[in-house]
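In the numbering used here, the protein residues as written are 89 to 238.
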């Protein structure tokens with residue numbers, strides 16, 4: 089029973105609030121790239137649309153079908169991703185992964201709110217869902233840059 093109690097505690101009010109108030113949930117009409125990713129372990133999915141301008145995200149849209157943890161992560165990403173470069177998003181992804189796997193520091197601003205997901209480090213089966221938004225965003229940037237060069 090304590091395992092169930094711990095899992096219930098994982099879904100804090102702050103995580104649920106982030107999940108309930110996700111920004112940028114409108115898909116883009118004419119994106120530079122669209123990426124759909126799925127976490128095979130839990131079935132969470134995300135579709136990300138990006139438009140790049142001068143190497144930075146100028147427009148962003150997402151469609152998220154995930155647990156509250158994945159939704160909370162996507163909420164933080166959606167709130168802060170516009171105006172950022174691939175390197176900044178990659179740094180956030182790497183810091184989030186390190187926080188979950190090694191109890192490292194939370195990602196730096198503007199992604200510091202991902203700290204709320206620290207309790208999920210003990211639930212490895214939830215990590216892929218939490219990582220989806222940043223990973224899909226990076227893949228979309230890569231595709232958009234490749235299309236621009238073609």
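Idealized CB from N, CA, C, for every residue including glycine. The structure displayed is predicted, hence computed values, not measured ones.
| query | result |
| --- | --- |
| Anticipated Cβ contact below 8 Å, residue 144 with residue 101, distance rounded | Not confirmed; about 33 Å, so no contact. |
| Own chain residues within Cβ distance below 6 Å of residue 130, not counting five before or after | 217 |
| Per-residue DSSP class, three states only, for residue 230 | helix |
| Same chain, Cβ closer than 7 Å to residue 232, five either side skipped, listed in chain order | 120, 121, 138 and 140 |
| Backbone CA spacing between residue 183 and residue 201 [nearest angstrom] | 12 Å |
| Inter-residue spacing [alpha-carbon to alpha-carbon] between residue 106 and residue 155 | 12 Å |
| Given residue 227 as reference, the closest of 112, 118, 111 and 173 once Cα atoms are compared | 173 |
| Which listed residue (124, 118, 169 and 220) has its alpha carbon closest to that of residue 111 | 169 |
| Residues near residue 109 in its chain [Cβ-Cβ closer than 8 Å; skip 5 each side] | 163 |
| Secondary structure, beta strand (DSSP E): runs of 3+ residues fully inside the region 131-211 | 133-141 and 144-153 |
| Integer Cβ distance of residue 221 from residue 214, believed to fall under 8 Å | Not a contact, Cβ separation roughly 14 Å. |
| Whole-number beta carbon distance between residue 225 and residue 136, since they are thought to touch under 8 Å | 5 Å |
| Environment of residue 90 [buried if 16+ CB atoms lie within 10 Å] | Residue placement at residue 90 is flagged as unreliable, the pLDDT there being 46, under the threshold of 50; the coordinate-derived value follows with that caveat. The residue in question, residue 90, is exposed, as its Cβ has fewer than 16 Cβ neighbours within 10 Å. |
| C-alpha distance - residue 166 paired with residue 114, whole-angstrom precision | 11 Å |
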